[in-house]
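Okay, structure first, notes after.
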Amino acid sequence: MGAQQDEFERTAMPHSSSLLRVARRLSSDAASAEDLVQETLLHAWRNFRQFRSGTNARAWLFRILLNAVYAQSRRQRAEPVTLGISSSAEERLPDFTASGMSEFDAADVARAFAALPARHRTVLLLGVVEGFTCREIAGILSLPVGTVMSRLSRARHALRVQLSSAAKCAGKGAS
Amino acid sequence: MTCKEIAARCPAYLSGEMEPESARVFAEHLRNCRACNEEVERQITLDSLLRRSILSEKVDTTALDRTVRAHIALERRSFSPRWLAVAAGIAAILLAGALSYRAMFASPPPKLCVDAARDHRSEVTLAQHRRWLSDPNAVADLGQRNGIPASLLAALVPPGYRFEHGKLCRLGGEVFLHLVYAQGGAEFSVYLRSSGTQSLSLQQVQTGGEHIAYVRTDRYTAMFVTDRSSAAALSLARSAAPALIA
Numbered sequence: 083m084g085a086q087q088d089e090f091e092r093t094a095m096p097h098s099s100s101l102l103r104v105a106r107r108l109s110s111d112a113a114s115a116e117d118l119v120q121e122t123l124l125h126a127w128r129n130f131r132q133f134r135s136g137t138n139a140r141a142w143l144f145r146i147l148l149n150a151v152y153a154q155s156r157r158q159r160a161e162p163v164t165l166g167i168s169s170s171a172e173e174r175l176p177d178f179t180a181s182g183m184s185e186f187d188a189a190d191v192a193r194a195f196a197a198l199p200a201r202h203r204t205v206l207l208l209g210v211v212e213g214f215t216c217r218e219i220a221g222i223l224s225l226p227v228g229t230v231m232s233r234l235s236r237a238r239h240a241l242r243v244q245l246s247s248a249a250k251c252a253g254k255g256a257s
Numbered sequence: 126m127t128c129k130e131i132a133a134r135c136p137a138y139l140s141g142e143m144e145p146e147s148a149r150v151f152a153e154h155l156r157n158c159r160a161c162n163e164e165v166e167r168q169i170t171l172d173s174l175l176r177r178s179i180l181s182e183k184v185d186t187t188a189l190d191r192t193v194r195a196h197i198a199l200e201r202r203s204f205s206p207r208w209l210a211v212a213a214g215i216a217a218i219l220l221a222g223a224l225s226y227r228a229m230f231a232s233p234p235p236k237l238c239v240d241a242a243r244d245h246r247s248e249v250t251l252a253q254h255r256r257w258l259s260d261p262n263a264v265a266d267l268g269q270r271n272g273i274p275a276s277l278l279a280a281l282v283p284p285g286y287r288f289e290h291g292k293l294c295r296l297g298g299e300v301f302l303h304l305v306y307a308q309g310g311a312e313f314s315v316y317l318r319s320s321g322t323q324s325l326s327l328q329q330v331q332t333g334g335e336h337i338a339y340v341r342t343d344r345y346t347a348m349f350v351t352d353r354s355s356a357a358a359l360s361l362a363r364s365a366a367p368a369l370i371a
């Protein structure tokens, strides 16, 4: 194994599970998600000479992944689908308390999350699950930091609205 | 800070990106404003629920990592002078008489070969697929419908091997007929499709534990995949080649 491949193994390959986790939530099926991550890592390998050692490899990889996701979406001509109730910013927020919200289980949250538009899922995955800062997300998505912050707020809002729909069905989350 | 500013700047507060002085003012507002405090608590709880939900999903990248490494190894090898020398040597041997027809080396699409290797590993080596056709007539019928005559299928069986089963599969966006032949405990795969290319080319590829001989004729694309050795893959391809160019 050459020095460059050694470096790639240390720098990029440990992130494959994070990339796959995010890809699964943004693509239509498990096989497409694997293809996206494979494409991401191979693109990273082919362009590894351009990567500056010491800079944020995770953010670089996620940027490649998100570009691949957008390209796939364009190829499939599939617009993100919003299921369930509206997630518009004007919708009144459910008045859950923090302790009431903890009644939701992982499956409730996963269902509510899956019903969000792709742009909301993307910022929540990057910011909340993967722990990127707003500034890093702005770099990954090529957006202004202010746009990322407002998109994160709207995404959190939309997730709560979706959860309120589940709560009405299951009688959960009441304060 | 007003309540509206608190709402707008909450994402930066939650991600810890706020300047110390702004964070102090933000926290002070929360201490004095019950509504904002409860709202931020709800957001923290929601974030925690979402993290728990997504991170509880099991993510296994073993196969994916192996495929990526195989691609990288292939790409490295395709640029390696040593590999080129080996390829040139194999070409010379083939052209000298191992095959009695026009042969030339051309790069097969590496992804196609890697896809074939991955498919062989999961469906034959690991037996993860159960819906095979084991009736030779049904497989011959499937082949006919995909431009592959039954006579070719019969001619592909190398001496000492028997037909096990077959089915259609998709590799690189194209439909291939996947045939499995066995000899004792050893199995190999042939991936076959009608094609419209103009010449014969043959190349060996190794990826992970699989050895592949890739053959392209004026009518077919075929990949012979085995776990045994490169020589075994080449031998299988050589044995089938006359039928493929007939």
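Just so you know, the sequences run in chain order A and B. All letters in the first sequence, in the order written, are residues 83 to 257 by the numbering used here. All letters in the second sequence, in the order written, are residues 126 to 371 by the numbering used here. C-beta atoms are modelled at their ideal positions from N, C-alpha and C, and glycine is treated no differently. Computed from a predicted structure; not experimentally measured.
Alpha helix (DSSP H) containing K129(B): first to last residue?
Element bounds for K129(B): 128-139.
Along the beta strand (DSSP E) that carries C294(B), what are the first and last residues, could you check?
Counting along the chain, the beta strand (DSSP E) containing C294(B) begins and ends at 287-296.
Select from the stretch 171-183 of chain B all residues with a C-beta closer than 9 Å to any C-beta belonging to chain A, and list them in chain order.
L171, D172, S173, L174, L175, R176, R177, S178, I179, L180, S181, E182
Report yes if the CB atom of A141(A) is closer than 8 Å to the CB atom of A94(A), and no otherwise.
No, the pair does not count as a contact, with Cβ atoms beyond the cut-off.
Taking buried to mean at least 16 other C-beta atoms within 10 Å of its own C-beta, is D88(A) buried or exposed?
exposed
Let me know the alpha helix (DSSP H) ranges lying completely inside the stretch 98-136 of chain A, each 4 residues or longer, listed in chain order.
Secondary structure remark: continuous alpha helix (DSSP H) runs of at least 4 residues inside the stretch 98-136 of chain A, in chain order: 98-108, 112-128.
Rounded C-alpha distance that separates N86(B) from A307(B):
A question about residue 86(B) goes unanswered here, because the residues of chain B that appear run from 126 up to 371.
CB-CB length for V315(B) against A275(B), believed under 8 Å
With 8 Å as the limit, V315(B) and A275(B) do not qualify as a contact, their Cβ atoms being about 15 Å apart.
Are the C-beta of E142(B) and some C-beta of chain A separated by less than 8 Å?
yes
Scan the stretch 113-136 of chain A for residues whose Cβ lies nearer than 8 Å to a Cβ of chain B and list them as they occur along the chain.
The stretch 113-136 of chain A vs chain B, Cβ under 8 Å: E116, V119, Q120, L123, L124, W127, R128.
Beta-carbon proximity list for Y286(B), same chain, < 7 Å, skipping 5 on both sides:
Y306, A307, Q308
Proximity below 8 Å, CB of G297(B) to CB of L237(B):
yes
Along chain A, in chain order, which residues have C-beta atoms closer than 7 Å to that of P367(B)?
Those within 7 Å of P367(B) in chain A number zero; the least Cβ separation is about 36 Å.
Exposure label - V230(A); buried when at least 16 CB within 10 Å
Flag for V230(A) reads buried.
Please report the straight-line C-alpha distance between P145(B) and A137(B), rounded to a whole angstrom.
12 Å
8 Å contact criterion, which Q154(A) and L123(A) should meet: CB distance rounded:
Contact doesn't hold; Cβ gap of about 15 Å is too wide.
For chain B, is any of its Cβ atoms less than 8 Å away from the one on N138(A)?
No, its Cβ sits nowhere closer than 8 Å to a Cβ of chain B.
Pull up the distance between the alpha-carbon of H202(A) and that of M183(A), whole angstroms please.
20 Å
Among the candidates A242(B), Q269(B), C161(B), T342(B), whose CA atom is the shortest distance from the CA of L189(B)?
A242(B)
Take R217(A) and list the residues in its own chain whose beta-carbon comes closer than 6 Å to its own, dropping the five residues that flank it on each side.
V227
According to DSSP, is A231(B) part of a helix, a strand, or is it coil?
Confidence is the limiting factor: at A231(B) the pLDDT is only 46, short of 50, which leaves the residue's position unreliable and the question unanswerable from this model.
By alpha-carbon positions, which one of L206(A), A220(A), L223(A) ends up nearest to L171(B)?
Relative to the Cα of L171(B), the nearest Cα in the group L206(A), A220(A), L223(A) belongs to L206(A).
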